[in-house]
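Data block below; observations after.
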Amino acid sequence: MSDPSESRPAEGKNDSATAADSGRTGISRRGFLKGAGLTAAGTALLDGVQAFSSEAPGASTHGVTELGPGPVPVRLHVNGAEHTVQIEPRTTLAEALRMHLGMTGTKVVCDRGVCSGCTFWLDKMPVNSCMTLAIDAVGHNVTTIEGISSEGEIHPLQAAFVKHDAMQCGFCTPGMVMSCAALLERNPHPSEHDVRHAISGNLCRCGTYPKIFAATLDVAGVTRNA
Amino acid sequence: MNNRVVEDALLQQSAVAPTKKTVQMPIGVPGYTLTEESREVPVTEPPVWPINKDLKYVGQSVERYDGQAKVSGRARYTSDVQLPGMLYAKFVNAPMPHAKVVSIDTSAAEKYPGVRGVHVIQHVLGNAVLRNPALDAVKYPVVRYAGQPVAAVAATTPAAAEEAAALVKVRYEAIPFVVDEIKARATDAPKVFPGAADEEGSAGGGGGPSDVRQTGNIHGPSIHRHGEIAQGFKDADVVVEGRYVTQVQTHSALETHGVVADWKPELLTVWASTQGTASVREELAGFFKIPLTQVRVITEFMGGGFGAKFGAGNPGVVAAALSNKTGAPVRLMLDREEEHLSVGNRPSSDQTLRIGAKQDGTITAIHLVAYGTAGCGTGAGCSGPASNLYKTAALHTEESDVFINAGPASAMRAPGHPQGAFALEQTIDELAVKLNMEPIDLRDKTDEHPVRRVERQVVRDSDLWKSRNPVAGASQGPVKRGVGMAQSVWYRFVSMSSSAEVRIYKDGSLEVLSAVQDIGSGVKTVMAQILAEQFGVPPAQIAVKVGDTHYPEGPNSGGSMTTLSLTPAVRDAAWQASQMFLSDIAPALGTTSDDLVLVDGEVRSRSGKFAPISFRRAAAKMATSQIAVQAKRIPDYDPKKYLTYGGIDVAEVEVDTELGRIHVRRVLSVHDCGRPMNPAQVISQINGGIIQGISYTLLENRLLDPIYGLMVNPDLEQYKIIGAREIPDIDVRLVEAYIGQSSTDASGIGEAAGVVSIGAAIGNAVYNAIGVRIRQTPMTPAVVLAALRAPAPGKELA
Ligand code: FES
Ligand code: FES
């Protein structure tokens, strides 16, 4: 997939400037997506979008297809279910989840890839959804905090978070759970060092870290010597 | 009935029924100083609870009431609220630090696709206000900091709002500005305000005194004194003095400030990310001149406040105005940059502290002169620790706010105290060195607080303290180890606007309601525990409804007031409801209410008149569908006693003398908060205070560029906050300290928790490690290396 950090400039403040003077500046959202936004891998993903597009795809130049700037239908596979949303191509996955699918468990805190409050799993990999365009998630399994429990049973890690009181305000908690659960998926018996590493990008302003370490190690069958 | 008859009836009543009873209450610290004292309390008060070990649910680490909702993503915060037809609003913010707004042209924005309304701000909230408003004779509020909101746009999508906001044409006339707080003190510095200006104190403790003089940008000093300060220094054998400088910290709660406002003709409903549903309602009703009954504020979940979230503020009133204008619900959540710039911070400090003492450690004089900036607000005072921790024959404090062109400060977790304790507790440490006394012994000599005395004993007995080498800089090699301690203090504030309603339903379900908000401290859990204790049923069976001004009044969550203010009302309501319930069902059970007890989910007969029946079956015998009792907080039983509490933090650090890096390895945190209602939740708060405090001491810093007057790090990557890899091992020891003040005898912990004293503890540990005292925060590697390079005799930062 495309490097999310590269595609980010299309989303932020720069975008409002270009939208304001559409056609006068060098870059528009449309041009941006056409030019820089989609790498080779991204173009492959685009097929999943096109198949659903009600608009005729834009003229193909240099073998790249334009989408947007208006809403296009995008099919996302979230927590085991198919969803089709009408979104502008510049929509981040975080926005698509929160505003279009009503899945507000995923939090947006910094909106620029610094805090991991918006962590979801792209297949099994923890990724920041604020830094991922929704169209880049096409063709992948998206798992959110709402989806990691199975059939009403909460995930053992979620239970451990409750048991250890690994939360205060709870705003960072979904992201923390997603990062720590992803760690346990790839390493069922992590050390405390591994846990610290796994959430080194997750910010908690209430300072719940010690209990997050304890909860994660508890699930891993390791007792934290505190 | 005429008045005479009423008076007679009242007289008779009071003659028959006494209004007070005398009870014996546990006082002191179990295992150390536990004793009993008698208190005169209203007869309506419930029986005195024993200490925690003899209770079943209260005082236990009961699972957080909303833990499951939080870990599953179900918890709905203000920023998650979505209403049909909801619009998204975006502020237009001033791009420069000081300016007059000449004109605002909203026409292009209004025409932008998706835009439904544009609002031009006429009253900006948060900034200090001129005593003589005529000095600002302008059409629009003067811009006093970069990032001050000027207007706002509401549109059908966030993107449209943001794009349209960029089309609002504002013409500014720049005014000379100052963002450097030292330069701002000069008489020829650009003035932030053309005359004297004040910021009223807020619910959370922000704002400052308004009865002080103002000279240029210096608002103050506010002077407090007792005893003869000159004589105090004359009487001293030893005097220590130092200048301590602390930076501005921003709250950086993960959920930004914001609301969803839905203005309907009969009711304005506002979902708010707030520490005070009541404070938001009051400000909105006052601002729009509508009755309180026409405003409802809801806070189901709240993503962190730390003191900055009181009142409706600019986002609240602007969203409400836009909702009124557009007829649609409006969401206005700040973005991360706005959060740093415009909604509060912890003021800086520049303190010169001088302490005189006798050879035996008796303090004879404490003299503090402090400046600090709260931006274009006030509230940088930091004399709390110097005034309240130690006994001194003479005290003199002078505190001044220095206005600069930056966003107004607000209350932040123990306002003024981390700054004040950073100076005071390092100075006391320095005094101990000069007097050749153990830091703990010196404090034993001069700190009379009975609970901190116990806490010092806990520290003294700890392995961490025992491992401290009293000789500073003794460890070998480039990485030096040190251990230091510091004390904290906070105060008992009671909000009398604290009520709760307890309901028993005929199906046996139990419910407690209050407008109070749970900001993460866990008050919901504690409320459930209290009902569980009273009714003898597990806490999980209690329904807790909070965060809605439709419920009985709740306290604002500031100043560590929530638990101690509200829980007695909850218990009183639960007790009275349980008594009513027993009277109600006794006849059906063939007995009287005093024969009945509620225990282990059952109703039992003391005399064995009937076999125990479940609470649920007993409730079915209620005469009506529900029993509901509302109770209000009554004053503390003995308000003159034990007015402060606090704790002690001990830090172990490693200082890399080659790289300048300070690593906090371990922390021992010994704290009291009256009766700990839920130890796990209290420990969570203390962990949080410690971690925030370390972050403040070592990393965080709001940086303003002096040339453009802009904040250069209004984000979460350049504004450095501690992360998982730097978290030390934290060992929290809770000291149960019964004080006999209410039916729950709870106190608060949010402020005293670590954040006050950890900075000084680190400072003292660094001194212990390297023999050099660092009197400045954040203690970055550059600061440490500069301190190490300072010439030998000074060996210290000026
Ligand atoms: S919101 Fe995505 S990383 Fe912060
Ligand atoms: S629990 Fe509040 S930010 Fe982590």
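Line by line, the protein sequences are chains A and B.
For what it's worth, our numbering labels the leading residue of the first sequence as 1122, then goes sequentially.
For what it's worth, our numbering labels the leading residue of the second sequence as -1, then goes sequentially.
For every residue, glycine included, the Cβ atom is placed at its ideal position computed from N, Cα and C.
In this structure, DSSP gives residue 91(B) an extended state, which the three-state scheme calls strand.
Judged by DSSP secondary structure, residue 463(B) falls within the alpha helix (DSSP H) whose first and last residues are 461 to 464.
Assigned with DSSP and collapsed to three states, residue 761(B) falls in helix.
Residues of the stretch 1227 to 1253 of chain A with a Cβ closer than 8 angstroms to any Cβ of chain B, in chain order: 1227, 1228, 1229, 1230, 1231, 1232, 1233, 1235, 1236, 1238.
Classified as buried, residue 122(B) has 16 or more neighbouring CB atoms from the shown chains inside 10 Å of its CB. Taking 7 angstroms as the cut-off between beta carbons, the residues of the stretch 1287 to 1314 of chain A near chain B are 1288, 1289, 1290, 1291, 1292, 1293, 1294, 1295, 1298, in sequence order. For residue 1337(A), not one C-beta of chain B is nearer than 7 angstroms to its own C-beta. For residue 1192(A), no CB of chain B lies under 7 angstroms from its own CB, so it is not counted at the interface with that chain. Residue 274(B) has a beta carbon lying at 7 angstroms or more from every beta carbon in chain A. Per DSSP, residue 694(B) is one residue of the alpha helix (DSSP H) stretching across 677 to 696. Measuring C-alpha to C-alpha distances from residue 271(B) to each of 507(B), 514(B), 161(B) identifies 514(B) as the nearest. Distances from the CB of residue 1237(A) to the heavy atoms of ligand 1 include at least one below 6 angstroms.
Contact fails between the stretch 536 to 553 of chain B and the stretch 470 to 483 of chain B, because fewer than three Cβ pairs, one in each stretch, are under 8 angstroms apart.
For residue 495(B), the three-state secondary structure derived from DSSP is coil. Collapsing the DSSP output to three states places residue 98(B) in a strand. Relative to ligand 2, residue 1329(A) has its C-beta within less than 6 angstroms of a heavy atom. Between the stretch 57 to 72 of chain B and the stretch 102 to 118 of chain B, the count of Cβ pairs shorter than 8 angstroms is below three; the stretches do not touch.
Judged by pairs of C-beta atoms under 8 angstroms, the stretch 1215 to 1225 of chain A touches the stretch 1240 to 1252 of chain A, as three or more such pairs exist. Contact check between the stretch 209 to 221 of chain B and the stretch 182 to 196 of chain B: three or more CB pairs, one atom from each, fall below 8 angstroms, which counts as touching. Only those residues of the stretch 284 to 316 of chain B whose C-beta falls short of 7 angstroms from the nearest C-beta of chain A are listed: 299, 300, 301, 302. For the options 719(B), 144(B), 223(B), the alpha carbon positioned closest to that of residue 247(B) is the one of 719(B). At a cut-off of 7 angstroms, the C-beta of residue 569(B) has no neighbouring C-beta in chain A. Across the set 175(B), 644(B), 564(B), the C-alpha of 175(B) shows the shortest separation from the C-alpha of residue 702(B). Looking at the DSSP output, residue 478(B) shares a beta bridge with 653(B). For residue 426(B), the enclosing alpha helix (DSSP H) has its first and last residue at 415 to 433. The beta-carbon separation of residue 420(B) and residue 775(B), rounded to 7 angstroms, stays under the 8 angstroms limit for a contact.
One alpha carbon belongs to residue 493(B), the other to residue 565(B), and they sit about 11 angstroms apart. Under the Cβ distance rule, residue 145(B) does not count among the residues neighbouring chain A, no pair being separated by less than 7 angstroms. Uninterrupted beta strand (DSSP E) stretches at least 3 residues long and entirely within the stretch 536 to 600 of chain B occur at 540 to 543, 594 to 597, given in chain order. As DSSP reads the structure, residue 36(B) sits in a beta bridge with 22(B). Taking non-hydrogen atoms of ligand 2 into account, the C-beta of residue 1325(A) is found less than 6 angstroms away from one of them.
Annotation: residue 557(B) has no Cβ neighbours in chain A at a cutoff of 8 angstroms; minimum Cβ distance is about 18 angstroms. Beta-bridge partners of residue 667(B) (DSSP): 647(B), 730(B). Straight across, the Cα-Cα distance linking residue 568(B) with residue 631(B) is about 8 angstroms.
Taking a beta-carbon distance threshold of 7 angstroms, residue 1207(A) does not count as an interface residue toward chain B.
Residues of the stretch 110 to 125 of chain B with a C-beta atom less than 8 angstroms from some C-beta of chain A do not occur.
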